[in-house]
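Chains A, B and C, in that order, give the protein sequences.
Just so it is clear: in the first sequence, position 357 is 357 by our numbering, and no numbers are missing.
Just so it is clear: in the second sequence, position 21 is 21 by our numbering, and no numbers are missing.
Just so it is clear: in the third sequence, position 193 is 193 by our numbering, and no numbers are missing.
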Amino acid sequence: MKRFTLFVSLLVTLSVILSACAPAATEAPVVEPDAPATEAPAPVVEEPAGPVVLRIAYSSTIDTWDPIASFSTEAAYLPNVYETLLKINKPGSAERYTPVLAESWSVSDDRLSYTFNLRPDVKFHDGEPMNAAAVKASIDAVKDHGGAGFIWWSVDNVEVVDDLTVKFNLSTPQPIDLIASSMYAAYIVSPKALEGFAADENFWADGKSYGTGPYMVESYTPDVEAVFTQNTEYWGGWEAGQYEKVVASLVPEATTRQQMLEGGEVDLAERIPNENLSTFDNDPNYTVFREPSFFNYIAYFNTLRAPLDDVKVRQALSYAIPYEDIINIGASGLGTQSFGPVPAGVYPWDDSVGQYSYDLEKARALLTEAGHEGGGFSIRMTYTASNASEEAFAPLIKDSFAQIGVDVTIEALSLGEQLKLARSGADAQDMTLMLYWPAYADAGADNLWSLFYYTEKPSWNLSYWNSPEYNALWDEASALSGTDFEASKAKYVEAVKLLVDEAPGVYFYDTMAVYVIPNAIGGFEYNLNYPFWHFDYYNLRAAQ
Amino acid sequence: MRAFEFILRRVLTAIFVLIGVSLITFAISHVVPTDTAALYLGSTRARPEDLERIRLKLGLDRPLSVQYAIYMGDLIQGDLGDSIATKRPVLQELTDRLPATLELLFFGMFMATLIGVPLGVLSARWQGTWADVIVRIISIVGVSMPAFYLGLLMQIAFFRNLDLFPLSGRVDSNLRFTNPIDPITSFFLLDTFLTSNWVAFKDVFHHLVLPGFTLAAYPIGLIARMNRAAMLEVLGQDYIRTARAYGIKERVVTYMYALKNAISPTLTVIGLTVAYALTGTFFVEVIFNWPGLGLFTVRSLLALDYPAIMGMTLLGASGYVLINLIVDLLQMWVDPRIRLQ
Amino acid sequence: MDQTTHTHAESQNMRTTRHVINVILRDPLALISTIVILLFILIAVFAPLVAPYPDQGQGSTNAGDTMHPPSEKFILGADRLGRDILSRIIFGARPALVVPIGVVLFAVVIGAPLGALAGYKGGWVDEIIMRITDLFLAFPSLLLAMAIAASIGRGLDKAAIALVVSWWPWYTRIARGAAVSLKEQYFVEAAQAIGVRDSVIIFKHILPNTLSPILVQATVDLGTVILAMGGLAFIGLGTQPPSPDWGLMISEGRTFILDQWWISTYPGVAIFIVVLAFNLLGDTLRDIFDPRQYK
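Listed below in structure tokens is the structure:
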């Protein structure tokens, strides 16, 4: 009898646990956004004709909803909500640009002013008209406090010619059409929002939409999801098969995203681990895209101190980098060794600049030439702690340098700590690993300036490399960029060649963009020039 | 009157402790070796003039003592500052995430009690037998399993292989369209129950099971052991023997008399484990992508988002102090002798 | 007089030690645990001799064998950098065991004398020490440790410091409790009567007699500290790569757990076994010193 009671108490406990284990019945996705939540047991609604909700698992964090301040991975979401004057097409397209909020544009003969004719009858999500005044207000705001406001440095002022005509007056010729298509600092935003932000710095905190784009932010729950809904007034119009809603789930862990995609919890997933792609390669339901990207891995040598102030030592170390292993381990082979700090496919990339091979003999010889026979010095190297690729390949550099007698200590730091340390002068590390990408589709204006152009107080030239020759080349190239594209590129290429020869940094590899797209979803197109804008909701179609 | 005095003394001590805690927290957060202004701008690729603007805005140019005074002044008004990463008020970030964490915590503790107490009773009833040994092993295995490892195993076993439970998150994202949850309390289990939203209730429950159990593994062991000890002590007492001598059924003796009296020490240990489980949620939330305080804390720690770290440590310490206070008061209520001490 | 009270403490400790050994020998679970712990300590000490690939264990890469599944060459498989998991686990035993033991020792060394002082002296000394202790005890230990580790920078040493800072108050509290009751005992009162200095009384008479409860607590805590250490490494605040660490290995392998399951699985088993052993041993020890549990 006593046993029996115990048994019952255990059974009750167990049965509660077990009852929880019954598999969940999959409910058909039924859109009924206005249904009162209090409505008791959900009525059975007929299944609609096609799926109208697109569910995506994202790794991209949303650091801000402010299209003006944006300068990070929220560029995965914002281009669905905000639009720029022009859009830059993927490399190899017949036309370089697609007009978006501008219908047409022209450049003056002296190349010092760009005139944009705006698309009529476009409204912001809040009902305000999109016009010349709004364009001027947006660009002025971004120049004043935008995250990437520096891209407009050549613009003296923005002039409202008439309601639908706006003119950019420059101090020096620069390719404004290219800049106006940037994924950062080029969105046209409702003046109401700019006023709102001026009054309250936390205006953007909760996720709002004040753009002209095809989708609006419906809700945002930090760490959980952002929900986007169709802007029914969108000037481009709508057709059947487009998604009415998009649920962007925020899932930082790559394996979790992969499992959600495989398990059908989401329709699309961003960034599946390269190591696990073969699963999808062999599955007829998926197509795997492997494309060149905007990103590359570099390292700075701190050229302020011996022995790295010696070009021979830097060249020696550049020969002692196991490039192939680094690509195999860091990116599962999905990368190509860089030609200087310009990623393949991005202007002004050119393979004539050359690259270093992995050649320990040459490295030893160069060290001996520099007076460091057998190495005998040590190097402090830092990398970004959250970057799994750097974490994976940093030890390869350590082991390889050890073979030429150079001792490496590796430290993982957050990006902020790394930069602070690099700028601390005497205590600064000798080598800083970095993943870099240009703010817009011009690595000449961005990478080549930001990474290696010498200024008094550098913000990103952490090699502290001071080459008047390089600075002069860059200045010439930049000055030509607004007038003579070809001549400008030639100068940039010359500058990159100098970067390779003098080796103020190491140029490891250009990454590849990898997309796993279920065949049930149509309309996916990869555009190198918008590396964070993984999914253009407006283009995607549910297969019928 | 004595009870009142007792409570007052405990509350005053708690306030004193929390002020000290704020000082320690502030000290810890301000040795952070990073460029806070650059972090605030979201990108380290910022212009020098932007950095300067942010430094002024955040008051980073002032001496630390002044910064502390300002922080405390704001704190008294309920302002914990803005998160550097999200730009939202830290207080709002914390209160938004608190229900998710508390729901997980309560669910986990509920599971732990539901499993731990019967295990304790079982092993006390059958002290020295194989059942006792098995319970001892179960409870020690529970406290020895790293939560961050157990979570991974649970995901592989119950999602990947058996497909019984969802992988991560708090609710299925489809529910928003089919059976939206009305966040009355933001405890989804309760909300869906109150609104009779059974489809969502089931889904929320399913999402809770794996993280809940991962969290419960540690407390199960502690509760089972404490309950066993308490039961043994009570079962050895004279009135139990008397009851048995009167021929009262063993079942009644065990549950009506012994378990009732063993509950007080068990309550204490449950209270104290709640505090421990709070730190367990850090790992569980990371593994299960649970949108609560733990996930937020870990991310803030790695990003050195110091207003968020300070807010969270203050909240954690307050929670801890509060739980201890509640445990004391509960004990006083269950066992009035404590008041007289 | 001084001599006799000294031997009093000593003989009591010796009797306790003998008793402990007897109990352990009689309890098979505790015996196995002790053997497992000693085995892991030996492995940690002689890691370079035991590990099949000592270089890889310490971090040397071997890119050719990336993600090698378990085989004759690599019994437990190889990780992303082609390093032998078994060797990594063997070298990982060092931070996993030695550092937590060091953490607990430091915490005892800082915490116990403070507690003895507070308990013996009483009055304002007691008040100050215990209020400070209360402050640290007001934090959930792991949260405090995480906040400190994040602020002073990542790394095994930093994580160890963070854990010491959050652990010492527990021993202060225990030592104080023991000291308060010892203070009333005849041998302490006798020492006071003949004018033995306070510092001598605390270190020679009070502290040695508080050691038993503290050592039990320390053994029980070791499991928790190992878990905490692994947890810190798992979220990225502890040991930094390429150093071997079990928590870090689990974290590194998390991305590959679906196809290359061995990378995370085996280090997890290692942590589990060691913590289990410490907990089983601690459980037995606690039963000895807290007889209430076995009536």
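Ideal placement from N, C-alpha and C gives every residue a C-beta, glycine not left out.
Item                                                                                                                                                                                    : Value
In chain C, what lies closer than 8 Å to Leu396(A) by C-beta?                                                                                                                           : Thr61, Ala63 and Leu81
CA-CA distance, Thr214(B) and Gly108(B)?                                                                                                                                                : 8 Å
Give the secondary structure of Asn169(A) by DSSP, where H, G and I count as helix, E and B as strand, and everything else as coil.                                                     : strand
Starting from Pro292(A), follow the beta strand (DSSP E) in both directions and report where the run begins and ends.                                                                   : Tyr286 to Phe301
When the Cα of Leu237(C) is compared with those of Leu29(C), Arg154(C) and Tyr53(C), which residue comes out closest?                                                                   : Arg154(C)
Buried or exposed: which applies to Phe110(B), given that a residue is buried once 16 or more other Cβ atoms fall within 10 Å of its Cβ?                                                : exposed
Taking Phe187(B) as the query, report the chain A residues whose CB atoms sit under 8 Å from its CB, ordered along the chain.                                                           : What Phe187(B) touches in chain A: nothing, since even the nearest Cβ is about 15 Å away.
Does Pro296(C) get closer than 8 Å to chain A when you measure Cβ to Cβ?                                                                                                                : Shown here, chain C extends from 1 to 295; a query on residue 296(C) therefore has no answer.
Could you check whether the Cβ of Ala14(B) sits closer than 7 Å to any heavy atom belonging to the ligand SAH?                                                                          : The ligand content of the structure shown is nil, which means the ligand SAH is not present either.
Step through the CB atoms of chain C and report whether any lies within less than 8 Å of the CB of Asp325(A).                                                                           : yes
Can you list the residues of chain A that Pro241(C) reaches, using a CB-CB cut of under 8 Å?                                                                                            : Glu391, Ala394, Pro395, Ile410 and Ala412
Taking 8 Å as the threshold (beta carbon to beta carbon), is Ile223(B) in contact with chain C?                                                                                         : no
Hey, would you say Arg228(B) sits closer than 8 Å to Ser300(B), going by beta carbons?                                                                                                  : no
Skipping 5 residues on each side, what residues in its chain have a beta carbon closer than 7 Å to that of Val100(A)?                                                                   : Glu83, Thr84, Leu85, Leu86 and Lys87
With a 10 Å radius around its C-beta and 16 neighbouring C-beta atoms as the bar for buried, classify Ser352(A) as buried or exposed.                                                   : exposed
Got a sec? Which residues, its chain only, sit under 6 Å from Ser186(B) by beta carbon, not counting five neighbours each side?                                                         : Pro99
DSSP has Thr221(A) in a bridge; who is on the other side?                                                                                                                               : Glu225(A)
Give me the subset of the segment 55-89 of chain B whose CB atoms are less than 9 Å from a CB atom of chain A, sorted by chain position.                                                : Lys57, Asp82, Ala85, Thr86, Lys87, Arg88 and Pro89
Which value, in whole angstroms, describes the spacing of the CA atoms of Tyr243(A) and Leu78(A)?                                                                                       : 17 Å
Could you name the residues of the same chain whose beta carbon sits closer than 7 Å to that of Leu175(B), not counting the 5 residues immediately before and after it, in chain order? : Ile181, Ala200 and Asp203
Under the assumption that Phe294(A) contacts Pro438(A) (Cβ atoms under 8 Å), give the Cβ distance between them as a whole number of angstroms.                                          : 7 Å
Can you name the residues of chain A whose CB is closer than 8 Å to the CB of Ala245(B)?                                                                                                : In chain order: nothing, as chain A lies at least about 17 Å away.
Grouping DSSP H, G and I as helix and E and B as strand, with all else coil, what is Ala78(C)?                                                                                          : strand
At the level of alpha carbons, what is the spacing between Tyr239(B) and Leu276(C)?                                                                                                     : 38 Å
Would you check if the segment 282-290 of chain A and the segment 423-432 of chain A touch, i.e. whether three or more CB-CB distances between them fall below 8 Å?                     : no
Hey, could you find the ends of the beta strand (DSSP E) Gly545(A) is sitting in?                                                                                                       : Residue coverage of chain A in this structure runs from 1 to 544, which leaves residue 545(A) outside it and unanswerable.
Can you find a CB in chain C that lies within less than 8 Å of the CB of Pro180(B)?                                                                                                     : no
Counting only beta-carbon atoms, is Val327(B) nearer than 8 Å to chain C?                                                                                                               : no
Excluding the 5 residues preceding and the 5 following Trp349(A) in the sequence, name in chain order all residues of the same chain whose CB lies nearer than 6 Å to its CB.           : Val342
Rounding to the nearest angstrom, what Cα-Cα distance links Lys87(B) and Ile32(C) in this structure?                                                                                    : 54 Å
Give a yes or no on whether the minimum CB-CB distance between Ile271(C) and chain A is below 8 Å.                                                                                      : no
Applying a beta-carbon distance threshold of less than 7 Å, which residues of chain C neighbour Val31(B)?                                                                               : Ser151 and Ile152
Among the candidates Leu12(B), Thr25(B), Phe16(B) and Glu5(B), whose CA atom is the shortest distance from the CA of Thr313(B)?                                                         : Thr25(B)
For chain B, find out if any of its Cβ atoms is closer than 8 Å to the Cβ of Ser264(C); answer yes or no.                                                                               : yes
How about Ile235(C) and Val31(B): do their beta carbons lie closer than 8 Å?                                                                                                            : no
Of all the CB atoms in chain B, is at least one closer than 8 Å to the CB of Asn539(A)?                                                                                                 : no
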